[in-house]
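Chemist: Following this message is one structure expressed as structure tokens.
Protein chains: 2
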Amino acid sequence: MEMDEGLSGFCIKGSGKNNGSSGTKCGRWNPTTEQVRVLTELFRSGLRTPSTDQIQNISTQLSFYGKIESKNVFYWFQNHKARERQKRRKVSIDENDFISRDNLNNKISSSKRFFEVMEYQSDQRVIETLQLFPLNSFDENEQEKLRFHANECREASSFPYTINSPEMDLPPLDLRLSSL
Amino acid sequence: MEMDEGLSGFCIKGSGKNNGSSGTKCGRWNPTTEQVRVLTELFRSGLRTPSTDQIQNISTQLSFYGKIESKNVFYWFQNHKARERQKRRKVSIDENDFISRDNLNNKISSSKRFFEVMEYQSDQRVIETLQLFPLNSFDENEQEKLRFHANECREASSFPYTINSPEMDLPPLDLRLSSL
DNA sequence: ACAGTATGAATGAACG
DNA sequence: CGTTCATTCATACTGT
């Protein structure tokens, strides 16, 4: 395997993993559970795109829990934000083919996809919690709403899904690339 | 952590597996042989990085064979591509190694590695076959060559956010946003 | 039952 | 920012 440990990367993270997880090699930042916890909290408090100063501060504070650089914090937020959106995008597409976007009621006939949707909701719920300060990353929520359409137009070609969904009568199978 | 994604619902997949691949526990997607077959076919037809639409379509079509979400398709291609690359990298390294070592002493006689190389050359050769559409994922080989750069220096910070520091003698921990 | 492997999933890092 | 790459974690699978 690859037990090259003697390199300049140093690992921390030996912080007693209870569930015996990661072996933990280094070379890349491997956040402590505490670090992740804090970052997540900040994120859920509404912070999305921390300023340089904020990054510095967060990084400094988190260094208490283990090795960390500001770029790690930067990337973390970048990724977390991006993936939240990505996830949301994917799910809403997946869920599309039977929930006509708001169904007016929890009619949700087929429960098949139900769980997936639930999951995200619970993940998103508390965004408002700590919305009490001047973040300069203000109103992320607002901004996000505004930004909400620009993203969709990526491949304008593919919008068969949004509202209708009788397309579940898929022709048994035609997977020539052209048909995708 | 972010395990909100881990539970993708439940299992289906009872579709009689010949060689007993019908694991059928859940927690993670377990593709049907049919699903794998199709995915592989697409891959060999040249598809590497399907767009969101394509992912969606594929997913929908494959759902005919069993439960599947678009993220599964996404990951599948991600992984498949990565592993192909990985494999190739290893082999070419091995081969360099092999050549430089044995070249002087011997004519290429041992052959073990040859087959491996052959194998996916033949695997790649067919890329053009179905290249009749806008796949947007073209000729991975070329792209890969271009991409061949600084993958090494993980530590060197080419990072815009590094040059800042003076303040902050960290108070043990106060991460309320206001304090950032 | 266990070691080794194949592969789904997650995520840090970075590119365009 | 959205995407893509590399690496790692976790689990299903397979052979012994």
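As they're listed, the protein sequences go chains A and B.
The letter at position 72 of the first sequence is residue 72 when you use the UniProt record's numbering, and the numbering goes up by one with no holes.
The letter at position 89 of the second sequence is residue 89 when you use the UniProt record's numbering, and the numbering goes up by one with no holes.
Backbone N, C-alpha and C fix where the C-beta goes; we use that ideal spot for every residue, glycine too.
Every value quoted in this text rests on a predicted model; they were computed, and no experiment measured them.
1. Does the beta carbon of ASN90 (chain A) sit closer than 8 Å to a beta carbon anywhere in chain B?
2. Can you confirm whether ILE12 (chain A), when its beta carbon is compared against all beta carbons of chain B, has any partner nearer than 8 Å?
3. I want to verify the contact list: residues of chain B whose CB lies under 9 Å from the CB of GLN54 (chain A), in sequence order.
4. How should ILE48 (chain B) be labelled, buried or exposed, when 16 other C-beta atoms within 10 angstroms of its C-beta is the threshold for buried?
5. So which of B:ASN79, B:GLY66 and B:HIS80 has the shortest CA-CA distance to ASN30 (chain B)?
6. If residue 181 (chain B) sits next to SER70 (chain B), beta carbons under 8 Å apart, how far is it from one beta carbon to the other, in whole angstroms?
7. With a 10 Å radius around its C-beta and 16 neighbouring C-beta atoms as the bar for buried, classify GLN78 (chain B) as buried or exposed.
8. Skipping 5 residues on each side, what residues in its chain have a beta carbon closer than 7 Å to that of GLY16 (chain A)?
9. Can VAL38 (chain B) and SER59 (chain B) be called in contact, C-beta distance under 8 Å?
10. In whole angstroms, what separates the C-alpha of GLU144 (chain B) from that of LYS81 (chain A)?
11. When you compare the CB of ILE93 (chain A) with every CB in chain B, is at least one pair closer than 8 Å?
12. Between the stretch 54–79 of chain A and chain B, which residues of the former have a C-beta closer than 8 Å to a C-beta of the latter?
13. Provide the residue span of the alpha helix (DSSP H) that contains SER59 (chain A), from first to last.
14. Buried or exposed for SER63 (chain B), going by 16 or more other Cβ atoms inside 10 Å?
15. So LEU42 (chain A) packs on LEU177 (chain B), CB below 8 Å; how close in whole Å?
16. Quick one: grab the DSSP three-state call for SER21 (chain B).
Modeler: The short version:
1. Here the sequence assigns Lys to residue 90 (chain A), which means Asn is not the residue at that position. Cβ-Cβ to chain B under 8 Å: yes for LYS90 (chain A).
2. Residue placement at ILE12 (chain A) cannot be trusted, given a pLDDT of 35 that sits under 50; what the coordinates show is reported in the next sentence. Answer no: the Cβ-Cβ gap between ILE12 (chain A) and chain B never drops below 8 Å.
3. LEU177 and LEU180
4. Residue 48 (chain B) is actually Arg in this sequence, not Ile. Buried is the call here.
5. B:GLY66
6. This structure does not reach residue 181 (chain B), given that chain B is present from 1 up to 180, and the question cannot be answered.
7. exposed
8. With a pLDDT of only 33 at GLY16 (chain A), under 50, the local geometry of the prediction cannot be trusted, and the value read off the model is given with reservation. Here the set comprises nothing.
9. no
10. Legend: pLDDT at GLU144 (chain B) = 48, less than 50; position of this residue unreliable, value from coordinates given subsequently. Straight-line Cα distance between these residues: approximately 28 Å.
11. yes
12. GLN54, ILE55, GLN56, ASN57, ILE58, THR60, GLN61, SER63, PHE64, GLU69, SER70, LYS71 and PHE74
13. 52–62
14. buried
15. 7 Å
16. Its pLDDT being 39, under 50, SER21 (chain B) is placed unreliably in this model, and the value from its coordinates should be taken loosely. SER21 (chain B) falls in the coil class under three-state DSSP.
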